[in-house]
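**Q** Using my numbering, you'd call the opening residue of the sequence shown number 5 and step up by one each time.
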Amino acid sequence: MRVLVIGAGNMGLTYAESMSKSKLLKKRNLMILDNSPEKTTSLKKISHFEVYDNLEECLPKADLIFLAVKPFHSEDLFKKIKKLINKEQIIISIMAGVTINTMQEALGVQKIVRAMPNLPAQIGKGVTSYTASKEVSRIELLTIESLLDTTGKSIFVSSENFIDASTGISGSGPAYVFYFMQSMMEAALKMGFSANDSKVLVSKTFEGAVELFNQSDLSPNSWMERVASKGGTTRAALDSMEDNNVKELIKEAAYSAFNRAVELGKEK
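1) Residue ranges of each alpha helix (DSSP H) run of no fewer than 4 residues wholly in the stretch 78-149, ordered along the chain?
2) Candidates Thr135, Ala191, Val140: which alpha carbon is nearest Ala169's?
3) Within the same chain, show all residues whose beta-carbon is closer than 8 Å to that of Gln108, passing over the 5 residues directly before and after it, in chain order.
4) With a threshold of 16 other CB atoms inside 10 Å of the CB of Thr238, please say whether the residue is buried or exposed.
5) Could you pull the start and end residues of the alpha helix (DSSP H) that Gly269 belongs to?
6) Suppose only complete runs of 4+ residues qualify. What are the alpha helix (DSSP H) ranges in the stretch 172-214, listed by chain order?
7) In its own chain, which residues sit with a C-beta less than 7 Å from the C-beta of Lys25, not counting the 5 before and 5 after it?
8) Thinking C-alpha only, which one of Arg230, Gly177, Glu229, Ser198 is nearest Glu256?
9) Using DSSP with H/G/I as helix, E/B as strand and the rest coil, what is Met245?
10) Can you tell me whether Val7 is helix, strand or coil according to DSSP?
11) Can you tell me which residues form a DSSP beta bridge with Lys157?
12) DSSP three-state label for Leu28, please.
13) Is it buried or exposed for Leu151, if we count other Cβ within 10 angstroms and need 16 for buried?
14) Mind reading off the beta-carbon distance from Leu71 to Met99? Whole number of angstroms is fine, and I expect it under 8 Å.
15) Of the residues Thr171, Thr132, Glu139, Asp247, which one's Cα is nearest the Cα of Phe160?
16) When burial is assigned at 16 or more other CB atoms within 10 Å of the CB, is Glu267 buried or exposed?
17) Rounded to whole angstroms, what's the CA-CA distance from Ser174 to Lys129? Just pull it up for me.
18) Please report how far the alpha carbon of Asn122 lies from the alpha carbon of Phe182, in whole angstroms.
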């Protein structure tokens, strides 16, 4: 099995470097392509994979082809690769909003996997939801899942609607967490803490809370009740959030990302 990653941006390079550590692949079986001379020059100094700047030299050799480019580059990319691919190759797209049907029609192939990773994949803590066209076999899906899992955890979903939905939750989700962290850090600074102390207080609070949640079967509501006592400081903060409708605003934000992912699919 040979794998080609098209696009050496943040996510493409993350997948390439993570897959290079997989027992499923050897160096000569992992290829990466980018059209930036500066990028390919720097990548050639890394011994994890073969580096290309020409589709004709690498794409016909691949069994699995990861498309890791920005969605607005998809039409140009499809035109370039259509004449080079064959019907047995499997396309794995991590482009937001580009549907399986769009790719099948543009490329003239049927084996398509659509995946939605998130930023923590860069440190092996990512979560990727994925789905596939019916032409992709179960055995092929198991192999693909193993490769996706090199960046964290993957979840198979039954339809593309859940890919768009996961965009609003896990795909865009890290930004929501950073938004909350930034707000807490600014509050800490206003209270008189130094920038470094503010960062430590907030980051370790998030890290500890997530670890508590992961190591138990308790719901977030149950944990909140354990922290908040009647008439106490935490209850004052939670009451303020409830009074300001923060929960509903967060839900609306997630749905905004979800709806935008659907819109992007319709624009293609």
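Here a beta-carbon is modelled for each residue, glycine too, at the ideal position from N, C-alpha and C.
Just so you know, these numbers come straight off a predicted model, no measurement behind them.
**A** Considering the structure as presented:
1) 78-86, 104-111
2) The shortest CA-to-CA distance from Ala169 to any of Thr135, Ala191, Val140 is the one to Thr135.
3) Gln114, Ile116, Ser137
4) exposed
5) 250-271
6) 177-194
7) Taking Lys25 as the centre and dropping the five residues before and after it, the same chain places the C-beta of Thr154 closer than 7 Å to its C-beta, in chain order.
8) Gly177
9) helix
10) strand
11) Val131
12) Reduced to three states, the DSSP call for Leu28 is coil.
13) Buried, because 16 or more other Cβ atoms sit within 10 Å of the Cβ of Leu151.
14) 6 Å
15) Among Thr171, Thr132, Glu139, Asp247, the Cα nearest to that of Phe160 belongs to Thr132.
16) exposed
17) 12 Å
18) Cα to Cα, the separation comes out at about 13 Å.
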